[in-house]
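Position one of the sequence shown corresponds to residue 3 (my numbering), numbered consecutively onward.
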Amino acid sequence: MDMATMNRLMECATFANCYPRDVVFCEGDRATHFYSVLSGYVRLYRQSSEGREADIRVCGPGDSFGDELIFGGDTYEYHAQAADKAMLARYDLNKVRSIAENDNGMIARAIASSLSGQLEETMECIANDRLNTAVQRVANFILENCEGQDAPASFRLSFQKSLLAGKLGLAPEALSRAFASLKELGVNVHGRIIEIEDMDALRRV
């Protein structure tokens, strides 16, 4: 995307600070903006008529959501809620659509690239849900965050454990049970700090 198009996009952007659990929009709301996450995390989820919630995606810094509506659709298909303190850039959909009509397909290509990445992430998530147990999903997440480190190792979760549960497709109580099982393999959890004593044991899960 060239600088002229980028500048025109920035001209139709506003910025919003969100606090934990602030609602960005609800499923069925008229779509007026799409969003980019500048800091913090935003949870995207669906809700059943009985009030049960299912996480679709956790968006972090650099991620966008609602951009699938630039080229079609006039209502949001999911709920969006700030998972912690977050700063968002909001882009007016009508203005972006107007820009896209005369940008030689640059915005379309950028959106296609973004949606392609989201599709790949979704397919990976579905595969993990089908192929891995709760303990294996948590073990894989820990290993990904300790890549390149030797044991003993540790890292700090950048979001709450309840959000991690949704990210891994687990209920909070299932995540707690998984951590309890991994404790026998040398994984210790202190708040958001996760300590690992034996990487090889995790890889064998």
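Think of the CB as a built atom: it goes at the ideal place given N, C-alpha and C, for glycine as much as any other residue.
Measure how close the beta-carbons of residue i and residue j come, nearest whole angstrom, since I'm counting them as under 8 Å.
i    : j    : result
S38  : L90  : 7 Å
Y47  : D57  : 5 Å
L184 : K163 : Not quite, the Cβ-Cβ distance comes to about 13 Å (not below 8 Å), so this is no contact.
R92  : A15  : 6 Å
A141 : L204 : 5 Å
E123 : Y78  : About 19 Å; that fails the 8 Å criterion.
Using the DSSP secondary-structure output, state which residues sit across from residue i in a beta bridge.
i    : result
D57  : Y47
I198 : A155 and V189
N19  : M89
A32  : Per the sequence shown, the amino acid found at residue 32 is Arg instead of Ala. Looking at the DSSP assignment, R32 forms a beta bridge with T77.
R164 : According to the sequence provided, residue 164 is Ser. The question's Arg does not apply to it. Per DSSP, none; premise fails for S164.
S66  : S38
A82  : F27 and L46
Pull up the distance between the alpha-carbon of residue i and that of residue j, whole angstroms please.
i    : j    : result
F161 : Y43  : 8 Å
E146 : K87  : 25 Å
Y21  : S41  : 12 Å
E199 : F181 : 14 Å
A173 : N106 : 45 Å
E13  : K97  : 9 Å
Y80  : G64  : 20 Å
S53  : A110 : Note that residue 53 is Gly in the sequence shown, not Ser. Each residue's alpha carbon lies about 36 Å from the other.
R179 : S51  : 28 Å
D76  : Q49  : 19 Å
Tell whether a beta-carbon distance below 8 Å holds between residue i and residue j.
i    : j    : result
R158 : R194 : yes
D94  : T135 : no
G168 : R45  : yes
I2   : V189 : The requested residue 2 does not occur in the structure, where the chain is confined to residues 3 to 207.
Q83  : R23  : yes
A85  : L165 : yes
I144 : A102 : no
M108 : C148 : no
F17  : D69  : no
At least one CB of chain B closer than 8 Å to the CB of residue i: is that the case?
i   : result
D31 : The structure shown contains no chain B; it holds only a single protein chain.
| request: Taking only runs that begin and end inside the segment 102 to 161, name each unbroken beta strand (DSSP E) of 3 or more residues, in chain order. | output: 155 to 158
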